[in-house]
Amino acid sequence: MSTSLYAFLKGKEDRETQDSSPKPYAEPREFSSQAKEGEGKGDEAKESPKPEGYLSLNLARAYVLSVAYDGEGKRAFLKLYNEADHRIYLWFDDSGHKPYCLSDLTPKELEGISALMNHPGFVGFDVVKKYDALADQERTMTKIVASDPLAIGGRPTGCIRDIIPKAWEAEIKYHECYIFDRDIAVGMPYKIEDGKLIKIDFKPPPEVEKSIESLFKDESEEFKDMARRWVELLECPVPSLRRAALDIEVASTVPTRVPNPREAKEPIVAVAFSASDGRRRILLLRRSNVKAPLPMSIGMPSLPEAEVEAFESEVDMIRRTFQIIEDYPIILTFNGDDFDLSYLYHRALNLGFDRKEIPIVMGRESASLRHGIHLDLYKFFFNRSIQVYAFSQKYREVTLDDVGASLLGVGKMELEKPISELDYESLATYCLQDADITLSLTTMDEDLIMKLIIVLARISHTTIEDLSRQGVSTWLRNMISYEHRRRGWLIPRSEDLLEVKGFTATKAIIEGKKYRGAEVIEPEPGAHFNVSVLDFQSMYPSIIRRYNLSYETVRCPHPECQKNTIPGTPHWVCGRRRGISSLVIGSLRDLRVRWYKSRAKEKGLPKALANWYGVISNSLKVVLNAAYGVFGAESFFLYCPPVAEATASIGRYAIIETIRQAQAIGMKVVYGDTDSIFLKAPEASKIEKLMDWSVERLGMELDIDKVYRYAVFSSRKKNYLGVFQDGSVDIKGLTGKKRNTPLFLQKAFFDMIRILSEVKSAEEFDEAKERITELVKTCYTKLKNRQYSLEELAFNIMMSRAIEGYVKTKPQHIKAAELLAQKGIEVTAGDIISFVKVVGPTGVKPVQLASIKEIDVEKYVGYVESTFQQVLDALDIDLKEILGATRLEFFMPG
DNA sequence: GCGGACTGCTTACCT
DNA sequence: ACAGGTAAGCAGTCCGCG
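Residue numbers (the working numbering): 31 to 924.
Have a look at this one:
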C-alpha cells in the first residue's frame with residue numbers, strides 16, 4: 031500500500047458527545063466526510079476503535095508532534111496534529127527507511143562474520159563516506175542495514191552492534207534516527223497531498239529577517255546559516271493544541287497506601303476529564319457501601335458545569351473512559367506514566383479487555399497512547415532545568431498540590447476521609463479538581479507550557495513525548511546529533527572520545543569533583559551604598575562561542591594549534607575549524623541575547639508576540655544554562671571533561687582579569703561570583719571603559735545587571751542582601767530566606783528586611799538598629815511564652831531518599847520521619863518532613879505528634895540569633911551584646 | 001565518663 | 001543523571017583529662 035495516511039476515527043463518540051452537551055463543540059468536522067469511507071460499522075461500544083484502513087487524505091496544515099516505530103508494519107510513523115479539525119493523524123513512512131549502524135570494516139570483511147550474515151534481521155550493506163571530526167579526516171564506513179531496530183540493539187544478546195567489533199551510531203533510537211535522516215521538523219507544519227508528506231516552508235516576516243541579518247552581518251557564513259535555521263524554527267507560529275486532563279480515583283482498602291498500578295486489584299471509582307474546549311466530565315461508579323443514590327446524568331448541584339455520567343459496571347466506565355481518551359489528540363496527566371494510565375491499562379486487562387481495545391501502550395518507563403499524545407506533567411515539572419530556569423524554583427515539591435498552589439494559587443482539595451468512604455459528590459469534586467488543576471497548569475500564562483514544549487522540541491529535534499520526559503542532556507544530545515547527521519559527520523563513540531579526552535588537569539576545591547570550577551570573590555564586609563552589579567551575559571555559552579570550544583576542537587590533532595593555549599590549563603584549541611558545539615550553542619546564545627531577550631521586553635509589540643518572544647527567550651535560557659555542564663557529565667554522549675574544564679578555567683580568567691582591570695582604572699570591587707562583579711559607587715565613565723575593555727580583550731560582552739541603593743555583605747560568600755532604588759530587596763543565600771527555616775523565623779526575618787529596605791543613608795542605620803533590636807526582643811518573648819503555633823515552629827526538610835537509605839548518619843528529619851513511620855504514616859523519598867525541636871531524648875518530633883509544651887525554647891533562641899546575626903554582623907551589631915542581659919531575664923523562671 | 005576539637009554527612013543554596 | 005563552590009547544623013569519632 032503506497033498511500034499511507036490513515037485517519038483515526040470514531041463514530042459513536044462524536045454523535046454522543048454532541049447529543050449530550052448543549053455547549054457547542056469547538057471543532058469543525060468537515061474532514062469526516064472523507065474519513066467516513068473508512069469508518070467501521072461495527073458496534074463501537076464493544077469493539078474499541080482501530081485502524082480502519084489507509085485513506086488518501088489531504089491535510090492542509092498539520093504539525094508533527096511525534097515519531098514512533100510501527101512494529102507490525104516495520105516502519106516509522108508520524109503523529110500529526112491537524113490544525114483544521116484538531117485531531118491526530120498518523121502518517122506512515124513511504125521511503126523504506128531502515129534501521130542501521132556503522133562499521134569501519136569493509137563489506138568484504140564483514141561478510142566474513144557469519145553471525146552477522148546469518149542474523150535474521152540482517153538486510154545488507156551500504157558504503158558511505160563520513161567525516162570523522164575527532165581525527166579530522168574523511169572515513170569510508172559501511173552501513174549495516176537491518177530489518178528492525180531490535181536487530182541492531184536493544185535485546186540482551188545477539189544484536190548486530192554486539193556481533194561486530196566496533197559499532198558507530200548504534201545507540202541512537204530508531205525514531206530519532208528517522209527524524210535526523212529524513213529531517214523531520216518536530217513541532218513544525220507539514221501538508222499532505224495524496225499521501226505525500228510535504229514540509230510547509232516558513233519564512234519569517236521580512237523585517238525580522240532583515241534585523242537578524244544585520245545583527246549577524248559580521249559573522250561567518252556558517253554562523254549566519256545556523257542562525258537563519260534557528261530563526262525559522264523559532265518564529266513559526268504554534269497552533270493552539272486541543273487537550274484534556276485526566277485523573278482517576280481508586281477505592282483502596284488500605285487508605286494510606288497508594289494502590290499498585292501493576293496489580294490494579296481495586297476498582298476505579300471515578301474518572302475526571304477537564305478539557306481545553308471547556309468540557310468538564312466526571313464518570314462515577316456505583317459502590318455498594320455508599321448509601322446515597324447515584325447522581326444521574328443531570329449533574330450535581332455542587333458541580334453545575336460538569337457533565338456527570340454514572341455507571342453500574344466498571345467495565346462500562348472504563349470503556350467510556352477509553353472513548354473519551356481517543357477523542358482528544360493530547361491527554362494530560364500528573365504522574366499518568368506511573369499511575370493513572372498504567373492503572374487504567376492493567377485494570378482493563380484484569381477485567382478481561384483485549385489489548386487491542388485499550389488505547390494505551392505501556393512502555394518500560396512511560397505510558398503512551400496508540401494514536402494521541404500523552405503528556406505527563408509530573409515528569410516535565412520534575413525536570414530540574416524546568417524547575418530552576420523556567421519557573422525560578424517557584425515550586426519545591428513536585429506534587430500536584432505544591433505545583434498547583436505555587437503556580438496557580440490552587441492546591442488540591444483536602445480530604446477528610448479515605449477515597450473509599452467518600453460520598454459521590456465529594457469524590458466527584460475532588461477528582462475533577464485534580465483534572466482542573468492539571469489542565470490549568472498548561473493553560474496558565476497563555477498556554478506557556480505548551481509553547482515551551484513545542485519550542486524546545488523544535489530546537490532539539492525531539493518528540494513531544496521524549497522531550498517532556500527526558501532531561502536537558504537528551505535534548506542537547508539530539509540537537510547535536512542532528513547537526514552531525516545533517517553535515518555527514520560521524521557521531522563519535524563514547525569510548526573513543528574517553529580514550530583521548532577523558533582526563534582533567536585541574537584540581538577541584540570540593541573533594542571528589544573532577545575539575546576546578548568557578549571563582550568566588552571574598553566579599554568586603556559591611557554596608558555599601560550605590561553598588562552596581564556587572565555580569566557577563568550567558569557567560570559559559572559566550573566562552574564556548576568565543577573560544578571555539580567543542581569536543582573536537584579542544585586538544586585537536588593539529589600540532590600548529592597547540593600554541594592556542596587555554597589559560598589555567600594545559601589544553602589548547604583548534605584554529606583551523608569551527609567547533610560544532612561552539613557553533614550550535616554560540617548561535618543560540620547570540621539569538622537569545624541580541625534578539626529574543628530584548629524583543630520580549632520591547633514596548634509597543636502586540637501582546638501575543640511579546641509573550642511568544644518571552645517563551646522563546648526562556649526556552650533558550652533553559653538550554654543554554656545546561657550547555658556547559660553536560661560536557662562534564664559522564665552520562666552525556668559527548669562527555670569531554672577538557673571542554674568543561676576549559677570553559678570554567680576561561681571563566682575564572684575572565685572574572686579575575688576584569689576585576690584587575692576595574693581596580694586598575696580606580697574602581698572598588700566589593701564582591702563577585704562566577705560571572706558577576708559588584709562595584710562600589712562606580713563612575714559611569716569607568717563602567718563604560720571597563721565594558722569596552724572586556725569586548726576588546728576578552729571578546730565578551732559585560733552588562734549592567736542591576737544597581738543597588740545599598741548592599742550588605744557579611745564575610746560569607748554567596749550570602750548578601752541588596753536594596754534596590756525602589757526599596758525592593760534581593761536576598762541571596764541568607765538562612766532567613768531558606769525554605770527549611772521555621773515560618774516564625776522567616777516572618778521575623780522579613781520584618782527586619784522591611785526595616786532595612788527603608789534605610790536611605792548610613793545615618794539611618796542607627797534607627798533601624800533599634801527597631802531590629804525590638805523585633806528580636808518580641809521574638810524572644812513570644813518564644814518564651816510559647817505563643818507560636820507548632821506549624822510556625824516547624825523545620826521543613828526534604829527527605830531525599832527512603833529512610834533505609836540513611837546508613838552513615840541519621841539526621842534530625844529522619845528521626846522525625848521514623849516516628850511518623852511508627853505511627854503508620856507513610857513517608858517516602860521526596861517528602862518534606864515537618865518537625866519541631868523538643869526537650870527529651872529524641873530532640874525532635876514531627877509536628878503531628880508534638881505538643882507546644884515540650885518545645886526546646888533555648889534551641890530556638892539560638893536559631894533566631896544566628897539567623898539575624900548573618901545580616902547584623904555586617905552592620906556591626908552584636909545581638910548578644912545588646913540583648914545579653916535581656917536574654918537572661920527572659921529566661922529567669924517566673 | 002564527659003566535653004571540646006575535629007571530620008564527614010546532609011541539605012539548601014549561588015552562579 | 002548538566003557542572004562546581006559555599007554555608008550551616010548535626011552526627012559521630014577521637015583525644016585528653018591524672
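Glycine included, every Cβ here is placed at the ideal spot set by N, Cα and C.
Where the alpha helix (DSSP H) through residue i begins and ends
i, result
"C461", "Y454 to S490"
"T811", "F795 to K814"
"F667", "Taken as a continuous stretch (DSSP letters only), F667 belongs to no alpha helix (DSSP H), as it is neither H nor E."
"L437", "L430 to L437"
CB of residue i within 8 Å of CB of residue j, strictly
i, j, result
"G15", "I862", "Only positions 31 to 924 of the chain appear in this structure, which leaves residue 15 out of reach."
"Y373", "P289", "yes"
"V857", "M828", "no"
"L140", "I182", "no"
"V645", "L579", "no"
"A557", "G681", "no"
"I194", "S133", "yes"
"D565", "S679", "no"
"G598", "Y683", "yes"
"K191", "H127", "It should be noted that the sequence gives Arg, not Lys, for residue 191. Cβ atoms of R191 and H127: not closer than 8 Å."
"L271", "Y111", "yes"
"F253", "L613", "yes"
"E335", "R310", "yes"
"G870", "Q842", "no"
"A257", "L650", "no"
Cβ separation of residue i and residue j, assumed to be a contact under 8 Å, to the nearest whole Å
i, j, result
"A663", "S819", "Contact doesn't hold; Cβ gap of about 44 Å is too wide."
"V301", "T351", "5 Å"
"Y220", "V94", "6 Å"
"Y581", "S611", "7 Å"
"G752", "D760", "4 Å"
"Y428", "Y408", "Strictly speaking, residue 428 in this sequence is Val, with Tyr absent from that position. That belief holds up - the Cβ atoms of V428 and Y408 are roughly 6 Å apart, short of 8 Å."
"Y810", "V891", "6 Å"
"T771", "T897", "7 Å"
"S490", "L497", "7 Å"
"L764", "V901", "7 Å"
"C266", "F232", "4 Å"
"C670", "L506", "Contact flag wrong, Cβ pair sits at about 13 Å."
"L263", "W625", "That belief does not hold up - the Cβ atoms of L263 and W625 are roughly 14 Å apart, past 8 Å."
"R576", "M392", "Rounded, the Cβ-Cβ distance is 47 Å, inconsistent with contact."
"W198", "M218", "W198 to M218, Cβ: 29 Å. No contact."
Delimiting residues of the beta strand (DSSP E) encompassing residue i
i, result
"V700", "K698 to D703"
"N556", "Correcting the residue identity first, residue 556 is Gly in this sequence and not Asn. Residues G556 to F566."
"P587", "No beta strand (DSSP E) contains P587, which DSSP labels as neither H nor E."
"F155", "F152 to D162"
"G752", "Y750 to F754"
"K736", "L732 to F743"
Close Cβ partners of residue i (< 8 Å) along its chain, the five nearest in sequence each way excluded
i, result
"E60", "At E60 the pLDDT is 26, less than 50, meaning the model places this residue with poor confidence; the figure from the coordinates comes in the next sentence. A114 and D115, listed in sequence order."
"D100", "A106, F107 and F122"
"V887", "L813, K814, R816 and F921"
"F795", "A557, V789 and L905"
Cβ-based neighbour list, residue i, same chain, cut-off 7 Å, excluding 5 preceding and 5 following
i, result
"A294", "Y373, H376, R377 and N380"
"D906", "none"
"M721", "L732"
"G696", "K716"
"R585", "K531, H601, W602 and P672"
"S63", "Low confidence applies here, because S63 scores a pLDDT of 25, under 50, leaving its location unreliable and the question unanswered by this model."
Cut-off 6 Å between Cβ atoms - residues of its own chain near residue i, not counting five sequence neighbours on either side
i, result
"A163", "W519 and E582"
"F364", "L407, Y408, L430 and T468"
"F559", "Y740"
"Q463", "M443"
"D908", "none"
"N826", "N770, I862 and S864"
For the region 286-373, list the alpha helix (DSSP H) runs that are entirely contained and at least 4 residues long, ordered along the chain.
With a minimum length of 4 residues, the continuous alpha helix (DSSP H) runs that stay inside the region 286-373 are 344-357.
Which whole runs of the beta strand (DSSP E) in the region 171-230 are 3 residues long or more, in chain order?
Runs found: 219-223 and 226-229.
Taking only runs of the beta strand (DSSP E) that begin and end inside the region 92-118, which ones reach a length of at least 3 residues, in chain order?
If you keep only unbroken beta strand (DSSP E) runs of at least 3 residues inside the region 92-118, you get 105-112.
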